[in-house]
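Note that the protein sequences, when read in sequence, are chains A and B.
Counting from 1, position 222 in the first sequence corresponds to residue 222 in the numbering used here; the numbering is continuous, with no gaps.
Counting from 1, position 340 in the second sequence corresponds to residue 340 in the numbering used here; the numbering is continuous, with no gaps.
There are 2 protein chains.
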Amino acid sequence: MSASLDTAIAAEDMRWWGWGDPGHQSALPDHVVELLREEVGIAEDPRRPVELEDVKLPPSALGRAAHRGLSDAVGAARILTDHQVRVVHAAGKGYVDLLRQRTGTPEAAPDAVVFPDSHEQVAAVLAACARFRVAVVPFGGGTSVVGGVAPLRGRQVAVVSLDLRHLRGLVDVDRESLLVRAAAGTRGPALEAELAAHRLTLGHFPQSFEYVTIGGCAATRSAGQASNGYGRIDELVRGLRMASPSAELVLAAQPASAAGPDLRELIVGSEGTLGVITDVTLKVRPRPAETHYEALFFETFEQGAQALRLVAQERRAPDIGRLSDEEETRLTMGLAGDGGLKGRLGRGYIRTRGYAGGCLGIFGWEGDTDDVRQRAGDTLAVLRRAGGLQLGGSPARAWARGRFAAPYLRDDLFSLGVMVDTMETAGRWSGLLGLREAIIAAVRQTLGDRGTPPLVMCHISHLYESGASLYFTVIARQQDGAEIEQWQAAKAAATDAIIAGGGTLTHHHGVGRDHAAWLEREIGPAGVDLLRGLKARLDPAGVMNPGKLMG
Amino acid sequence: MSASLDTAIAAEDMRWWGWGDPGHQSALPDHVVELLREEVGIAEDPRRPVELEDVKLPPSALGRAAHRGLSDAVGAARILTDHQVRVVHAAGKGYVDLLRQRTGTPEAAPDAVVFPDSHEQVAAVLAACARFRVAVVPFGGGTSVVGGVAPLRGRQVAVVSLDLRHLRGLVDVDRESLLVRAAAGTRGPALEAELAAHRLTLGHFPQSFEYVTIGGCAATRSAGQASNGYGRIDELVRGLRMASPSAELVLAAQPASAAGPDLRELIVGSEGTLGVITDVTLKVRPRPAETHYEALFFETFEQGAQALRLVAQERRAPDIGRLSDEEETRLTMGLAGDGGLKGRLGRGYIRTRGYAGGCLGIFGWEGDTDDVRQRAGDTLAVLRRAGGLQLGGSPARAWARGRFAAPYLRDDLFSLGVMVDTMETAGRWSGLLGLREAIIAAVRQTLGDRGTPPLVMCHISHLYESGASLYFTVIARQQDGAEIEQWQAAKAAATDAIIAGGGTLTHHHGVGRDHAAWLEREIGPAGVDLLRGLKARLDPAGVMNPGKLMG
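Listed below in structure tokens is the structure:
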């Protein structure tokens with residue numbers, strides 16, 4: 001590959017040791033550092049990542065025959081083995097991933113990174129990998145927080161990362177049917193920009209939006225912050241094409257069908273363990289003329305949850321809807337500082353209305369002006385009736401402006417010696433409050449026992465008639481010298497509590513490597529066996545993303 | 001089994017030679033007979049079904065060891081082999097099924113009919129069948145029109161029909177989460193009656209509602225006439241339990257999940273080829289206070305289709321929505337007679353407004369009074385803007401009253417020597433009009449060539465943002481002595497045209513035996529291979545419903 005293409009690839013990469021744009025400048029405001037020092041404690045000295053050249057990688061184990069096989073598939077220029085590209089593809093963006101990257105000790109690294117630019121090249125790569133017993137880790141945006149792109153080789157002799165960024169762009173637009181076909185490696189912003197030229201939107205905005213690929217979203221069942229309005233990715237993906245080592249699967253987009261089991265739902269969420277999704281047909285919408293936000297305050301989390309249940313069950317849910325618990329509300333205000341949310345909301349203002357403590361809800365609607373007015377009015381009427389105090393749009397717009405920025409904050413906390421991780425689930429309304437309490441108690445107990453008592457914040461989001469998602473942010477002082485064990489203990493405690501409490505293992509992060517050990521508790525031994533049966537059919541050599549999903 | 005239980009079973013059965021209640025009295029009005037005589041021709045003499053005792057069945061091939069194995073599973077009293085029960089379970093309710101039943105020459109018959117009353121008994125039956133190489137045909141309401149309950153034995157030595165009617169009733173009600181669990185054999189009306197006691201409804205009303213079981217709906221992906229409002233069965237079934245010869249699969253109901261592929265979507269639509277669904281967890285709604293109907297007239301089918309596209313894409317779809325083409329509108333009026341729809345609509349009334357010919361649309365909304373008023377207002381505004389002429393509720397209420405009666409009419413046409421069959425598909429809006437024309441042309445050509453030129457009527461129903469369903473009714477004089485070949489030719493022509501035109505093989509009838517040969521053209525060889533892989537895992541002996549779905 002020419003030096004210029006090398007450079008082009010590097011320019012699109014995220015920071016290898018953290019999130020996002022390498023040019024991103026951030027400095028935590030003093031009041032945030034103070035808050036963290038008070039609440040969980042911080043390290044004396046800033047902890048910086050090692051230099052790129054100091055990251056330790058094993059030598060590439062890709063044999064000459066395998067390299068030749070891959071060269072036949074994509075051309076030698078599309079196979080990179082340099083230090084930087086291997087480091088970038090050594091991990092996703094989970095807490096432990098970054099911990100290891102920052103200390104220059106990744107768990108593993110791909111022996112090469114392959115950049116196909118077509119479905120046919122992907123299929124040829126998979127065939128070559130099956131032949132030469134090389135594991136393949138599909139790599140879209142590389143944003144997985146569950147170890148989904150960890151370069152594990154399983155029982156294979158080597159492992160390559162298959163970077164799909166050159167499969168990009170809209171392939172087809174059927175405006176009359178509001179369906180478009182997009183190449184799997186198309187990133188969120190690029191897809192929305194292309195759709196905007198057709199006055200369309202997909203409306204899929206996971207927190208990782210700026211870096212995700214649409215194929216990655218499909219492979220991992222992402223939800224998107226506006227899923228109430230637009231639907232989850234499993235509803236948006238109507239058709240797809242997948243290359244597997246032993247077959248090609250093409251499922252045409254149909255409005256609905258009774259032609260047997262829905263195989264689309266098998267591929268969506270398969271996390272690269274069955275094959276590589278190379279394009280998807282997506283349900284789109286006319287681009288909204290307007291976005292309207294409102295914030296409401298609820299006296300208690302229970303009151304707010306009840307209000308969200310009512311709007312969902314009366315089918316008046318906003319396109320975006322989330323409710324922070326008391327702790328998240330308190331810390332959100334603290335982090336925002338006097339010039340931000342805190343000042344605008346004014347604890348005094350709220351307190352005079354009898355809402356001491358209390359919970360902040362953020363709600364958004366998108367569409368034509370009339371449509372937004374009507375639907376927002378419908379939702380707000382239900383929320384007010386259920387006890388919500390309307391605060392206007394300003395706090396909600398502040399949330400919207402920062403909606404993709406949280407991962408940068410995590411990097412800043414790393415440098416203070418502070419662990420931050422997020423965990424999520426979904427459950428029925430009837431058990432939701434108990435589920436939340438059980439998870440918080442489990443994490444508090446576990447981290448408290450290790451001498452690092454955490455802050456645990458929670459919000460409800462993604463509303464359904466039968467239940468909702470719970471999303472937790474855990475912040476604690478890093479346990480020096482046992483950072484990974486600390487995280488593993490918290491993760492295990494939370495996940496055990498999720499399953500024991502009747503929640504789903506994951507609502508939108510996916511299974512990856514980190515949740516794989518629990519999958520059998522969600523779908524039973526028969527369910528895991530079925531997935532293995534599917535894999536045996538599509539990937540008999542077992543090269544596809546070893547160690548993920550079904551473990 | 002005691003004589004009284006025998007009698008109880010017989011009392012619930014449909015007419016063995018046709019649809020529905022054995023006590024149902026019907027006589028076609030003279031004007032309908034005249035219309036049919038004019039339009040397609042009728043037989044000189046009425047054609048009555050043979051007597052029950054004259055139906056020819058082969059002797060039961062169930063061996064003594066197998067019978068003992070089944071007795072161990074359910075008790076001897078729950079295994080019936082008498083003539084009547086075998087005849088009743090010899091066929092579903094497809095055109096050829098009834099043709100053969102009426103002439104006393106079913107293609108096959110079960111060697112026994114087994115009536116388990118629990119999940120455990122079902123599991124025990126499947127294990128016994130796998131051991132003794134006996135094919136199992138799950139039998140819910142027996143309403144399949146695609147050969148889904150045909151008692152084919154495949155490569156097995158015998159075949160039993162597994163009648164699930166004794167797995168019935170609500171098992172659990174979670175009102176706060178609007179989720180209920182129901183045993184698979186619960187029939188439509190019984191389920192709605194139990195839900196009504198909790199002020200709930202499922203809102204699932206296929207034309208076969210009065211006889212379907214909820215497990216059968218799940219196994220065959222039924223849509224239901226109000227699917228725009230309540231969702232298809234694949235959306236309503238949130239969790240399930242399935243017994244298979246080699247495993248038990250339990251999938252808990254979650255609001256949504258990213259825990260890998262959605263296995264629920266594999267079982268829904270598996271048509272008894274992977275196992276037997278024994279209970280389902282269903283998304284329900286508060287029982288509506290009101291149902292409101294409106295009829296509208298459109299100048300052309302194209303104009304009406306465009307209007308339906310707009311309401312669907314603006315997400316203002318009515319809960320029930322259908323648009324008849326010119327031919328269906330004309331014949332609906334003709335069949336209704338002067339005292340019915342025809343009189344109330346008054347061709348003159350419509351003509352004075354410039355709608356000569358034209359197309360009738362039927363629309364319905366269910367919910368609270370305010371909700372219905374608002375949503376009906378929203379829909380009607382779009383429909384009027386798109387050219388619809390509002391006719392009031394009367395023609396639509398007439399449709400609603402007769403919504404489950406069409407299958408009785410088919411029996412009456414049989415006696416006149418007239419074939420009537422229905423075919424359906426779904427496709428994208430951008431290709432929908434062309435798809436309809438191609439299917440109509442193919443059926444006209446095929447039946448015309450055989451000397452039996454048909455009436456072919458069509459309506460759009462089941463609206464989606466990306467497309468809609470097309471439903472065809474074909475009426476022709478039976479071709480004496482070649483009735484089955486006549487039907488096969490029409491079916492093949494229509495199905496080839498569906499696939500060639502980009503439609504789905506079936507939107508809500510299912511695949512069964514009749515569509516199995518075409519499935520590979522829908523999901524590709526890799527898709528069929530995946531289904532076979534799943535089956536090999538769950539049903540290694542191949543006893544589950546041979547010859548259906550994947551052929």
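Glycine residues also receive a C-beta, built at the ideal position from the N, C-alpha and C atoms.
Here the structure is a predicted model, which is why all the values come from computation and not from measurement.
Alpha carbon to alpha carbon, how far is Leu530 (chain B) from Ala135 (chain B)? Give it in angstroms, no decimals.
On the second sequence, position 135 is the one that residue 135 (chain B) refers to. On the second sequence, position 530 is the one that residue 530 (chain B) refers to. Rounded to whole angstroms, Ala135 (chain B) to Leu530 (chain B) spans 22 angstroms at the Cα level.
CB Gly229 (chain A) to CB Glu38 (chain A), shorter than 8 angstroms?
Position 229 of the first sequence holds residue 229 (chain A). Position 38 of the first sequence holds residue 38 (chain A). With a cutoff of 8 angstroms on beta-carbon distance, Gly229 (chain A) and Glu38 (chain A) are scored as not near each other.
Gly94 (chain A) and Gln164 (chain A) - do their beta-carbons sit closer together than 8 angstroms?
On the first sequence, position 164 is the one that residue 164 (chain A) refers to. On the first sequence, position 94 is the one that residue 94 (chain A) refers to. It should be noted that the sequence gives Leu, not Gln, for residue 164 (chain A). Going by C-beta atoms, Leu164 (chain A) is not nearer than 8 angstroms to Gly94 (chain A).
Residue from A:Leu28, A:Trp17, A:Ala497 with nearest C-alpha to Gly431 (chain A)
Here residue 431 (chain A) refers to the residue found at position 431 of the first sequence. It is A:Ala497 whose Cα lies nearest to the Cα of Gly431 (chain A).
Residue closest to Ile233 (chain B), alpha-carbon to alpha-carbon, out of B:Pro245, B:Gly188, B:Gly260, B:Val276
As a position in the second sequence, residue 233 (chain B) is number 233, starting the count at 1. Out of B:Pro245, B:Gly188, B:Gly260, B:Val276, B:Gly188 has the C-alpha closest to the C-alpha of Ile233 (chain B).
Is Ile214 (chain A) helix, strand or coil when you go by DSSP?
As a position in the first sequence, residue 214 (chain A) is number 214, starting the count at 1. Three-state result, Ile214 (chain A): helix.
Whether or not the segment 481 to 492 of chain A and the segment 434 to 454 of chain A are in contact is what I'm after, with contact meaning three or more pairs of Cβ atoms, one per stretch, closer than 8 angstroms; do they touch?
yes
Leaving out the 5 sequence neighbours to the left and right, which residues in its chain are closer than 6 angstroms to Arg124 (chain B) when beta-carbon positions are compared?
Reading the second sequence from its first residue, position 124 is the one you call residue 124 (chain B). According to the sequence provided, residue 124 (chain B) is Ala. The question's Arg does not apply to it. The answer, listed in chain order, is Ala73.
Rounded C-alpha distance that separates His166 (chain B) from Ala493 (chain B):
Against the second sequence, residue 166 (chain B) aligns to sequence position 166. Against the second sequence, residue 493 (chain B) aligns to sequence position 493. One C-alpha to the other measures close to 40 angstroms.
Please state whether DSSP places Thr446 (chain A) in a helix, a strand or coil.
Locating residue 446 (chain A) in the first sequence gives position 446, counting from the first residue. Three-state result, Thr446 (chain A): helix.
Skipping 5 residues on each side, what residues in its chain have a beta carbon closer than 7 angstroms to that of Arg521 (chain A)?
The residue you call residue 521 (chain A) lines up with position 521 of the first sequence. Cβ within range, chain order: Ile499.
Mind checking which residues open and close the beta strand (DSSP E) that includes Asp421 (chain B)?
As a working note, residue 421 (chain B) is residue 421 in the second sequence. Note, Asp421 (chain B): beta strand (DSSP E), 418 to 428.
Assuming contact is defined by CB atoms lying nearer than 8 angstroms, are Thr473 (chain B) and Val511 (chain B) in contact in what I supplied?
Stepping through the second sequence from its first residue, residue 473 (chain B) is reached at position 473. Stepping through the second sequence from its first residue, residue 511 (chain B) is reached at position 511. Not closer than 8 angstroms, so no.
Nearest by alpha-carbon distance to Gly239 (chain A): which of A:Leu36, A:Ala253, A:Ala247, A:Ala130 is it?
Working through the first sequence from its first residue, we reach residue 239 (chain A) at position 239. The shortest C-alpha separation from Gly239 (chain A) is found at A:Ala253.
Trp365 (chain A) - partner residues in DSSP beta bridges:
Counting from 1 along the first sequence, the entry for residue 365 (chain A) is found at position 365. BP columns for Trp365 (chain A) point to A:His292.
Would the segment 465 to 480 of chain B and the segment 304 to 320 of chain B be scored as touching if the rule is three or more Cβ pairs under 8 angstroms?
Taking a contact to require three or more Cβ pairs closer than 8 angstroms, the segment 465 to 480 of chain B and the segment 304 to 320 of chain B qualify as touching.
Mapping DSSP to helix, strand and coil, what is Leu323 (chain A)?
For this step, residue 323 (chain A) is matched to residue 323 along the first sequence. Under the three-state reduction of DSSP output, Leu323 (chain A) falls in the strand class.
For Ile79 (chain A), which residues of its own chain have a beta-carbon under 6 angstroms away from its beta-carbon, when the five flanking residues on both sides are left out?
Within the first sequence, the letter at position 79 stands for residue 79 (chain A). Cβ neighbours of Ile79 (chain A) beyond the five flanking positions: Leu70, Ala112, Val114.
Is it buried or exposed, Ala381 (chain A), if we count other Cβ atoms within 10 angstroms and call 16 or more buried?
Looking up residue 381 (chain A) in the first sequence gives position 381. Label assigned to Ala381 (chain A): exposed.
Mind checking which residues open and close the alpha helix (DSSP H) that includes Gly533 (chain B)?
Along the second sequence, one-based indexing puts residue 533 (chain B) at 533. Taken as a continuous stretch (DSSP letters only), the alpha helix (DSSP H) holding Gly533 (chain B) covers 519 to 538.
Below 7 angstroms on C-beta distance, what does Leu249 (chain A) contact in chain B?
Within the first sequence, numbered from 1, the residue matching residue 249 (chain A) stands at position 249. Gly524, Ala526, Gly527, listed in chain order.
Between Gln313 (chain B) and chain A, is there a C-beta pair that is closer than 8 angstroms?
Locating residue 313 (chain B) in the second sequence gives position 313, counting from the first residue. It does; some Cβ of chain A falls within 8 angstroms.
Length at least 3, wholly inside the segment 431 to 481 of chain B: the beta strand (DSSP E) runs in chain order
455 to 463, 467 to 477
What is the C-beta distance between Phe298 (chain A) and Leu323 (chain A), in whole angstroms, given that I count them as a contact (C-beta under 8 angstroms)?
Within the first sequence, the letter at position 298 stands for residue 298 (chain A). Within the first sequence, the letter at position 323 stands for residue 323 (chain A). Rounded, the Cβ-Cβ distance is 7 angstroms, consistent with contact.
Does the beta carbon of Leu236 (chain A) come closer than 8 angstroms to any beta carbon on chain B?
Numbered from its first residue, the first sequence carries residue 236 (chain A) at position 236. Closer than 8 angstroms: no.
Chain B within 8 angstroms of Gly339 (chain A), Cβ atoms only:
Mapped onto the first sequence, residue 339 (chain A) falls at position 339. Because Gly339 (chain A) sits at a pLDDT of 49, beneath the cut-off of 50, its placement in the model cannot be relied upon, and the point is left open.
For the segment 228 to 300 of chain A, list the beta strand (DSSP E) runs that are entirely contained and at least 3 residues long, ordered along the chain.
Taking only runs of at least 3 residues, the beta strand (DSSP E) segments lying wholly in the segment 228 to 300 of chain A are 237 to 243, 248 to 251, 276 to 283, 290 to 298.
Listed from N- to C-terminal order along the chain, which residues in the segment 165 to 178 of chain A have their beta-carbon within a distance smaller than 7 angstroms of any beta-carbon of chain B?
Asp174, Glu176, Ser177, Leu178
For a quick check, are the C-beta atoms of Val237 (chain A) and Leu282 (chain A) less than 8 angstroms apart?
One-based indexing of the first sequence puts residue 237 (chain A) at position 237. One-based indexing of the first sequence puts residue 282 (chain A) at position 282. Taking 8 angstroms as the Cβ cut-off, Val237 (chain A) and Leu282 (chain A) qualify as a contacting pair.
When you compare the CB positions of Val122 (chain B) and Ala243 (chain B), do they come within less than 8 angstroms of one another, or not?
By 1-based counting over the second sequence, the position of residue 122 (chain B) is 122. By 1-based counting over the second sequence, the position of residue 243 (chain B) is 243. Yes, these two residues count as a Cβ contact at 8 angstroms.
Bounding residues of the alpha helix (DSSP H) (the contiguous stretch that carries Leu555 (chain A)):
Residue 555 (chain A) is absent from the structure shown; chain A starts at 1 and stops at 551.
Along the chain, which unbroken stretches of the alpha helix (DSSP H) at least 4 residues long are found entirely within the segment 10 to 70 of chain A?
If you keep only unbroken alpha helix (DSSP H) runs of at least 4 residues inside the segment 10 to 70 of chain A, you get 30 to 39.
With DSSP run on the structure shown, which of helix, strand or coil describes Phe139 (chain A)?
By 1-based counting over the first sequence, the position of residue 139 (chain A) is 139. Of the three classes helix, strand and coil, the one that applies to Phe139 (chain A) here is strand, per DSSP.
Which stretch, first to last residue, makes up the alpha helix (DSSP H) that contains Arg315 (chain A)?
Position 315 of the first sequence, counting from 1, holds the residue named residue 315 (chain A). Per DSSP, Arg315 (chain A) is not a residue of any alpha helix (DSSP H), being assigned neither H nor E.
So which residues on chain A does Lys283 (chain B) lean against when the C-beta distance must stay under 8 angstroms?
Residue mapping note: residue 283 (chain B) aligns to position 283 of the second sequence, counting from 1. By Cβ distance, chain A contributes Glu465, Ser466.
May I have the straight-line CA-CA distance separating Arg315 (chain A) from Thr7 (chain A), to the nearest angstrom?
Here residue 315 (chain A) refers to the residue found at position 315 of the first sequence. Here residue 7 (chain A) refers to the residue found at position 7 of the first sequence. Between Arg315 (chain A) and Thr7 (chain A), the C-alpha separation is close to 49 angstroms.
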